[in-house]
Amino acid sequence: MSVEILDGRTVQSFVEDEGAFNASVDGRFAALDADHDGRLCYSEMAGEIMSLRVLEKHFGVDDAGAVGPDELAKLYRVLFARFDRDGDGGVDREEFRAEMKEVMLAVANGLGFMPVQMVVEEGSFLKVAVDRELARAA
Ligand SMILES: [Ca+2]
Ligand SMILES: [Ca+2]
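Structure representation (structure tokens):
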């Protein structure tokens, strides 16, 4: 983990660079797809969903810290259902790309134009977005 300065524009320009963004999302997808069947089932997605809790505003949850384990399990199911757009019980690459794009655009909107300090996880999309911006500025 590292602390980075980022703003909405950094994130948005990363999402809009379709080649870079899709490559990054596809890499994440492949890493999550433990049994390599080209779909993410709920258990494969669970870790990712937990890391998305920082983005809970996007999913309409205001205070996830206040919910108990039962509610949390329910919340994870709801989040999984958002990814699984056709409801077939698995998240394919297209569904994963589409939802990650929306999530990241929601993050960009939330950040706005004022740069903020954020703790970002190594290998996360935000980290990739920051590194990309730094590489461009150099
Ligand atoms: Ca799988
Ligand atoms: Ca699906």
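In this text, residue positions in the sequence shown follow UniProt numbering: the first is 1, and each later residue adds one. Every residue, glycine too, gets a C-beta built ideally from N, C-alpha and C.
Apply the 10 Å Cβ neighbour rule to residue i and answer buried if 16 or more other Cβ atoms are within range, or exposed otherwise.
i: R39; result: buried
i: D33; result: buried
i: G68; result: exposed
i: M1; result: exposed
i: E121; result: exposed
i: E133; result: buried
i: A108; result: buried
i: V130; result: buried
i: V128; result: buried
Pick from the options: whose alpha carbon is nearest that of residue i?
i: F29; options: V130, K127, E99, D131; result: E99
i: G47; options: H36, A23, L105, A73; result: A73
i: D37; options: R82, L111, E16, R93; result: R93
i: E16; options: Y76, M104, M114; result: M104
i: F113; options: A138, V11, E4, V3; result: V11
i: V3; options: M118, G123, A138, A106; result: M118
i: M50; options: V78, G19, G27; result: V78
i: L75; options: V91, Y42, V107; result: Y42
i: M45; options: G90, G19, E18; result: G90
i: E18; options: E71, G110, D70, K101; result: K101
i: A31; options: D7, G123, V116, G87; result: G123
i: F125; options: A81, F14, A137; result: F14
Look up residue i in the DSSP assignment and give the residues it is bridged to.
i: R132; result: Beta-bridge pairing links R132 to no other residue.
i: Q117; result: I5
i: residue 139; result: This structure leaves residue 139 out entirely; the chain is present only between 1 and 138.
If residue i and residue j are in contact, beta carbons under 8 Å, what's the gap, nearest whole angstrom?
i: F96; j: V25; result: 6 Å
i: D7; j: V116; result: 7 Å
Is any non-hydrogen atom of ligand 3 found closer than 8 Å to the C-beta of residue i, if you look at the structure I gave you?
i: G38; result: Ligand 3 is absent from the structure shown, which contains only ligand 1 and ligand 2.
Quick check on residue i - is its C-beta less than 9 Å from some C-beta in chain C?
i: V3; result: Here there is only one protein chain, and chain C is not present.
### Length-filtered (4 minimum) alpha helix (DSSP H) runs lying within the segment 75–113
93–111
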